[in-house]
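Engineer:
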Amino acid sequence: MSKINVALLGYGTVGKGVYRTIESHQDRLQRLLGKEVKVVAILVRNIDKHIAPDEHVLLTTNYEDILSLPELHIVIDAIVGREPGFSYLKKAIDKGCHVVTANKEMFAFHGTELQALALEKGVGLGYEATVAGGIPIIQTIRQLLSVNHFLGIEAILNGTTNFILTNMRKLGSTFAEALQVAKENGYAESDPTNDIEGYDALYKGMVLSQLIYGGKPNIKSVKRKGITHIQPNHMKIAEEADLRFKHVVTLSKSNNEIQCKVEPVLVPDSHPFYQVEGVQNSVSLATDLLGTLQLQGPGAGMFPTASAILEDIIQLENEHKAPPAAKDSVTDQDALSQWVIFGGYLESEKLGSDIKIIEKLDDTAWVIEAEYIPLGLSHSSDVTIYPLRGKYERKKLPIQV
Ligand SMILES: NC(=O)c1ccc[n+]([C@@H]2O[C@H](COP(=O)([O-])OP(=O)(O)OC[C@H]3O[C@@H](n4cnc5c(N)ncnc54)[C@H](OP(=O)(O)O)[C@@H]3O)[C@@H](O)[C@H]2O)c1
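Straight run, no breaks: the sequence shown in the UniProt record's numbering ends on number 401.
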């Protein structure tokens with residue numbers, strides 16, 4: 001039986017998960033592909049930390065050793081950062097290999113160039129693992145794009161921030177305490193900046209934007225806000241009003257411009273994200289024909305990510321995918337939006353006549369509705385404003401304003 005020879009770049013959480021899954025699912029892969037799938041080489045940075053999992057596997061720190069293998073079919077990128085991942089995959093494509101990547105940062109910035117090169121060289125490129133781990137979001141969007149236009153996307157794409165927000169709410173802890181728990185459980189890295197400041201979610205949003213709209217948002221126009229400033233008393237007031245904080249990526253397109261926001265928002269109990277807890281991810285896709293579709297599942301981890309990479313391998317071997325992009329997908333802009341405003345010295349008169357007060361949650365917190373928040377208010381240092389997603393149903397009667 002002929003073989004599909006695979007090289008793994010990186011042998012950490014993802015690399016090891018892929019190796020083990022290829023071994024444990026060998027029979028199934030052979031039945032699906034009619035060929036044995038064999039990891040023939042592994043690239044690492046520090047060879048002293050590693051032992052080759054099998055004597056026939058080349059373990060190396062030198063990428064040229066891998067490129068010079070006579071029979072190599074697929075290169076899987078499971079290393080970290082834009083470089084050297086980008087250069088390594090370009091060389092693999094040049095050599096005529098299919099490539100699969102889990103490296104979202106690299107793909108967010110260099111995905112377009114890699115896709116063009118792969119098309120030119122007639123090889124396949126899979127990137128399911130770059131967004132939402134085990135949730136088959138890339139495949140689903142591809143399939144929907146053949147007939148649907150996308151009206152907008154909202155998503156929880158970072159398990160670490162969702163875990164921290166869930167713990168702050170359930171335990172009444174501060175952000176710092178919840179971050180420490182996330183670290184102790186292996187859900188946050190020693191330097192958690194990428195997660196808690198929203199960079200990781202932004203990279204994933206950029207990958208989705210490229211797929212759906214055929215382009216990326218202008219990075220200068222992207223609103224990116226982390227979760228570090230959320231206070232326990234904001235959590236408590238929100239909880240009492242049946243609202244939950246979620247760190248959400250929003251993608252939309254109007255007036256020929258792609259908008260991307262990564263920010264903490266509040267959702268009511270009627271919103272599908274309300275129940276998305278812990279390290280789960282969730283993606284809500286609004287389309288013209290299908291309506292709104294929501295997917296939820298593990299957004300990271302050894303085996304969910306390996307599952308996404310193996311799905312890509314199977315797809316690549318069966319067909320090369322040219323991604324359709326629904327450039328004409330646009331978003332209907334809602335005229336009125338809702339926000340929750342937290343502010344020590346806020347009184348109803350200061351909110352202005354263009355702002356409708358939906359509910360006063362307590363002496364320092366208001367649910368309001370408006371077309372936009374006046375600059376004076378949004379720039380005020382003693383006011384914190386969170387967008388509210390979904391429709392807030394007034395809880396307290398009579399209205400307390
Ligand atoms: N972890 C997840 O759940 C998850 C989910 C989806 C996507 N991803 C993405 O998948 C990639 C890998 O994540 P991970 O969690 O597996 O990371 P990890 O555990 O830190 O492993 C990274 C691996 O890459 C190797 N490496 C790093 N830089 C290298 C270089 N310049 N040359 C050669 N090898 C290098 C490291 O080698 P040494 O061991 O020798 O240092 C290590 O084996 C990242 O891009 C990440 O964003 C991760």
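We put the CB at the ideal spot given by N, CA and C, even for glycine.
Please look up how many angstroms separate the CB atoms of residue 278 and residue 163, rounded, as I've assumed it's under 8 Å.
Structural biologist: Within the sequence shown, numbered from 1, the residue matching residue 278 stands at position 278. Within the sequence shown, numbered from 1, the residue matching residue 163 stands at position 163. Their Cβ separation, rounded to whole angstroms, is 5 Å, which keeps residue 278 and residue 163 in contact under 8 Å.
Engineer: Since residue 93 and residue 123 are thought to touch, with beta carbons under 8 Å apart, how far apart are those beta carbons, to the nearest angstrom?
Structural biologist: For the purposes of this step, residue 93 is taken as residue 93 along the sequence shown, with counting starting at 1. For the purposes of this step, residue 123 is taken as residue 123 along the sequence shown, with counting starting at 1. The Cβ separation is near 6 Å, so the contact holds.
Engineer: Determine the burial state of residue 210: buried for a count of at least 16 other Cβ atoms within 10 Å of its Cβ, exposed for fewer.
Structural biologist: Residue numbering aside, residue 210 sits at position 210 when the sequence shown is read from its first letter. The residue in question, residue 210, is buried, as its Cβ has 16 or more Cβ neighbours within 10 Å.
Engineer: Relative to ligand 1, is the shortest distance from any of its heavy atoms to the C-beta of residue 405 smaller than 6 Å?
Structural biologist: The requested residue 405 is not part of the displayed model; the chain covers only 1 to 401.
Engineer: Just the C-alpha distance for residue 226 and residue 56, rounded to the nearest angstrom, thanks.
Structural biologist: Mapped onto the sequence shown, residue 226 falls at position 226. Mapped onto the sequence shown, residue 56 falls at position 56. So the alpha carbons of these two residues sit roughly 45 Å apart.
Engineer: Quick one: what does DSSP say residue 80 is sitting in, helix, strand or coil?
Structural biologist: Position 80 of the sequence shown, counted from the first residue, corresponds to residue 80. Correct three-state label for residue 80: coil.
Engineer: Measuring from each Cβ to the nearest heavy atom of ligand 1, keep the ones under 6 Å and list them in chain order.
Structural biologist: Checking every Cβ against the heavy atoms of ligand 1 under 6 Å gives 10, 11, 12, 13, 14, 15, 43, 44, 45, 46, 49, 78, 79, 80, 84, 102, 103, 104, 129, 133, 300, 301, 305.
Engineer: Pull up the distance between the alpha-carbon of residue 185 and that of residue 191, whole angstroms please.
Structural biologist: For the purposes of this step, residue 185 is taken as the residue at position 185 of the sequence shown. For the purposes of this step, residue 191 is taken as the residue at position 191 of the sequence shown. Cα to Cα, residue 185 sits roughly 15 Å from residue 191.
Engineer: Could you check what DSSP says for residue 110 in three-state terms: helix, strand or coil?
Structural biologist: In the sequence shown, residue 110 corresponds to position 110, counting from 1. Helix, per DSSP.
Engineer: Across the stretch 163 to 173 and the stretch 224 to 239, are there enough close Cβ pairs to call them in contact, namely three or more that are closer than 8 Å?
Structural biologist: Because the criterion of three Cβ pairs below 8 Å is met, the stretch 163 to 173 and the stretch 224 to 239 touch.
Engineer: Exposed or buried, which one is residue 336 when buried takes at least 16 other CB atoms within 10 Å?
Structural biologist: Taking the sequence shown and counting its residues from 1, the one referred to as residue 336 is at position 336. Counting Cβ neighbours within 10 Å, residue 336 comes out exposed, since fewer than 16 surround it.
Engineer: For the stretch 136 to 143 and the stretch 261 to 277, state whether three or more C-beta atom pairs, one from each stretch, are separated by less than 8 Å.
Structural biologist: They do not touch, by the three-pair rule.
Engineer: Taking only the alpha-carbon atoms, compute the straight-line gap between residue 309 and residue 207 and give it to the nearest angstrom.
Structural biologist: The count along the sequence shown starts at 1 and reaches residue 309 at position 309. The count along the sequence shown starts at 1 and reaches residue 207 at position 207. Looking at the two C-alpha atoms, the distance is approximately 16 Å.
Engineer: Determine the closest residue to residue 395 out of 360, 299, 120, with distance taken between C-alpha atoms.
Structural biologist: Residue mapping note: residue 395 aligns to position 395 of the sequence shown, counting from 1. Checked all of 360, 299, 120; the closest Cα to residue 395 is 360.
Engineer: Within 8 Å, do at least three Cβ pairs link the stretch 68 to 76 to the stretch 1 to 19?
Structural biologist: The stretch 1 to 19 vs the stretch 68 to 76: in contact.
Engineer: At the level of alpha carbons, what is the spacing between residue 80 and residue 12?
Structural biologist: Looking up residue 80 in the sequence shown gives position 80. Looking up residue 12 in the sequence shown gives position 12. Cα to Cα, the separation comes out at about 10 Å.
Engineer: Flag residue 393 as yes if its beta-carbon sits less than 7 Å from any beta-carbon of chain D, otherwise no.
Structural biologist: Looking for chain D here will not work: only one protein chain is present.
Engineer: Taking the DSSP output, what are the residues bridged to residue 99?
Structural biologist: Start at 1 with the first residue of the sequence shown, and residue 99 comes out as number 99. Paired residue(s): 75, 125.
Engineer: Restricting to runs no shorter than 4 residues, where is the alpha helix (DSSP H) found entirely within the stretch 217 to 274?
Structural biologist: Runs of the alpha helix (DSSP H) inside the stretch 217 to 274: 232 to 240.
Engineer: Please list the terminal residues of the continuous alpha helix (DSSP H) segment that includes residue 85.
Structural biologist: Counting from 1 along the sequence shown, the entry for residue 85 is found at position 85. Note, residue 85: alpha helix (DSSP H), 85 to 94.
Engineer: From this set, 260, 369, 373, which residue's C-alpha is nearest residue 331's C-alpha?
Structural biologist: By 1-based counting over the sequence shown, the position of residue 331 is 331. Of 260, 369, 373, the residue nearest in Cα terms is 260.
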